[in-house]
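Let me begin by presenting the structure, written as structure tokens, before commenting on it.
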């Protein structure tokens with residue numbers, strides 16, 4: 172059922188789920204504003220690989236202020252990504268706490 176109220180359309184009884192798709196860009200790249208594919212920065216990984224334990228995805232405002240792709244997840248403390256492809260847990264006895 173659709174109805175219009177104050178110039179806005181509403182759908183009642185209909186739900187949808189948004190899922191990240193690698194159809195646009197092959198993992199480990201992510202789509203950017205220009206419509207191209209790019210790698211994530213060192214110290215992060217694509218959200219399509221999930222969020223490392225203790226990590227969190229940046230909000231839109233955080234990604235804008237840091238000038239990073241919002242589809243890239245920063246590695247949490249104790250994790251690292253030397254190439255922007257995947258966050259790996261630091262070896263025992265080592266600690267990483269680098270950020271952008």
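Numbering (our numbering), first residue to last: 172 to 271.
From the three backbone atoms N, C-alpha and C, an ideal C-beta is built for every residue, glycine too.
Fair warning: this is a prediction, and the values are worked out from it, not measured in the lab.
As a quick exercise: from the options, pick the residue whose alpha carbon is nearest that of residue i.
i           : options       : result
residue 218 : 201, 251, 232 : 201
residue 198 : 264, 256, 241 : 256
residue 195 : 237, 228, 242 : 242
residue 228 : 265, 264, 244 : 244
Which residues share a DSSP beta bridge with residue i?
i           : result
residue 209 : 201
residue 265 : None, per the DSSP bridge assignment.
residue 215 : 245
residue 259 : 251
Ignore the nearest five residues each way along the sequence and tell me which others in residue i's own chain have a CB closer than 8 Å to its CB.
i           : result
residue 252 : 211, 213, 214, 215, 216, 246, 258, 259
For residue i, I'd like the list of residues in its chain whose CB is within less than 6 Å of its CB, leaving aside the five on either flank, ordered along the chain.
i           : result
residue 250 : 223, 258, 260
residue 234 : 241
What are the boundary residues of the alpha helix (DSSP H) that residue i is part of?
i           : result
residue 252 : Taken as a continuous stretch (DSSP letters only), residue 252 belongs to no alpha helix (DSSP H), as it is neither H nor E.
residue 237 : 231 to 237
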